[in-house]
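Chains as they are written, first to last, in my numbering: chain A, 2 to 154; chain B, 29 to 285. Note that beta-carbon positions come from the ideal geometry of N, C-alpha and C, so glycine has one too. Model, not experiment: these values are computed from the prediction. Since the structure comes first, as structure tokens, the remarks are kept for the end.
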């Protein structure tokens with residue numbers, strides 16, 4: 002004698018709910034990526050994929066200094082010490098890395114004026130010039146770009 | 029008999045399914061020697077040092093292959109011009125004008141406001157504010173954007189469906205929908221560079237060190253980030269929104285938003 006008798010429609014309902022729960026659990030196990038919840042509620046492998054899929058473009062000042070320590074030494078002595086090589090010379094191209102004789106961009110006065118043209122928005126302590134009032138519009142006629150406080154005779 | 033047929037059928041179905049799943053969720057090894065839980069990166073900005081040259085916005089586009097059009101930026105510069113108040117108005121500050129032509133790339137053209145009318149003017153570099161309670165990750169319906177343990181906020185392009193919720197949610201306007209990948213894109217703190225021991229492209233290129241970058245868990249000797257936090261009085265953007273931005277600004281004016 003059974004303790005209680007389940008009506009067949011209730012039994013079918015329980016079976017259906019059980020099937021739904023099981024299929025949900027199976028689907029979740031199959032569809033959840035391995036690295037999910039490794040760091041949080043997301044796919045942890047996305048971090049490594051991001052790093053692997055992107056390559057640095059800018060070489061950086063340290064890399065330039067390894068091949069050109071003489072230039073970097075001069076640069077660090079004067080007020081342009083905070084400048085990165087690639088700020089004026091452009092990105093170190095693959096061509097330059099393969100063949101060091103291929104020249105980088107030689108900056109023009111436009112590059113100097115990008116920072117040093119007078120503007121009311123620039124900090125007052127920053128050196129600025131009004132081009133029309135200045136002696137020449139060719140900066141390197143007088144200034145050494147790597148040692149801006151030194152002048153040609 | 030029925031069970032055998034069912035078993036064979038299930039087996040046949042499972043075979044391609046397993047292959048599809050394997051392809052979709054391919055395993056990639058973590059970068060050797062880089063553990064995200066051992067770092068906490070942060071970028072801080074000094075408004076008084078920014079000269080508005082636009083090299084950072086330029087470098088970011090080059091480094092991250094951001095689409096060329098003038099409304100796609102991961103970092104950009106804004107020029108604030110605060111005019112003198114009208115005589116007798118009884119206010120300390122006048123009208124505030126903000127512009128960012130082409131995100132400040134290639135510098136700013138001279139302003140049309142006469143110098144005599146300008147009370148104060150300055151440049152503000154902008155980027156992802158690396159919020160602790162980031163609204164963009166909260167609204168993502170597919171879990172494609174997330175806060176990494178080392179402080180960056182990234183987008184998983186294989187999961188992003190390009191719905192644009194995060195773009196609307198970001199109160200700092202730091203996201204855009206890429207026309208190339210059709211997914212949301214944003215400042216990644218140059219995640220591919222910092223994990224390789226390099227500086228983010230904008231920090232590398234900044235000629236005045238207006239951008240300071242460092243690792244809070246592994247400070248260097250004479251760490252620029254520690255010095256920045258010690259020396260300056262800092263503030264964050266839109267603190268009233270409760271997003272708890274981690275990016276700190278030094279010498280920020282009240283008009284900046």
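- For residue 67 (chain B), no chain A residue has a Cβ inside 9 Å of its Cβ, as the nearest lies near 12 Å away.
- What residue 83 (chain A) touches in chain B, judged by beta-carbon distance under 7 Å, is 235, 236, 237, going in chain order.
- By the neighbour-count criterion, in which a residue is buried when 16 or more other Cβ atoms sit within 10 angstroms of its Cβ, residue 75 (chain B) is buried.
- Residue 216 (chain B) and residue 10 (chain A) have their C-alpha atoms spaced approximately 56 Å apart.
- Sequence-ordered contacts of the region 50-64 of chain A with chain B read 50, 51, 52, 53, 54, 55, 56, 57, 58, 59, 60, 61, 62, 63, 64 [C-beta pairs closer than 9 Å].
- Distance from the Cα of residue 238 (chain B) is smallest, within the candidate group B:245, B:63, B:82, B:202, for B:82.
- Between the C-alpha atoms of residue 240 (chain B) and residue 95 (chain A) there is a straight-line separation of about 28 Å.
- Look at residue 263 (chain B) here: in three-state DSSP terms it is strand.
- Ranked by Cα distance from residue 61 (chain B), the first of B:122, B:225, B:78 is B:225.
- Secondary structure note for residue 76 (chain A): its alpha helix (DSSP H) is the uninterrupted segment 70-78.
- Annotation note: the region 101-186 of chain B contains the following uninterrupted alpha helix (DSSP H) runs of length 4 or greater, listed N- to C-terminal: 163-167.
- Close CB contacts of residue 211 (chain B) within its chain, under the 6 Å cut and outside five residues either way in sequence, are with 185, 188, 190 (chain order).
- For residue 25 (chain A), there is no enclosing beta strand (DSSP E); the enclosing alpha helix (DSSP H) covers residues 9-32.
- For residue 45 (chain A), same chain residues with a beta-carbon under 6 Å away, outside a window of 5 residues either side, are 36, 39 in chain order.
- When DSSP states are grouped into helix, strand and coil, residue 130 (chain A) belongs to the strand group.
- Rounded to the nearest angstrom, the gap between the Cα atoms of residue 62 (chain A) and residue 87 (chain A) is 7 Å.
- Scanning B:169, B:148, B:204 for the CA closest to the CA of residue 99 (chain B) turns up B:204.
- Within the DSSP bridge table, the entry for residue 240 (chain B) names B:72 as partners.
- For residue 148 (chain A), there is no enclosing alpha helix (DSSP H); the enclosing beta strand (DSSP E) covers residues 148-152.
- A buried status is given to residue 136 (chain B), since no fewer than 16 other beta-carbon atoms sit within 10 Å of its beta-carbon.
- Secondary structure at residue 135 (chain A): coil, using DSSP grouped into helix, strand and coil.
- Note on residue 12 (chain A): under 16 other CB atoms within 10 angstroms of its CB, so exposed under the neighbour-count rule.
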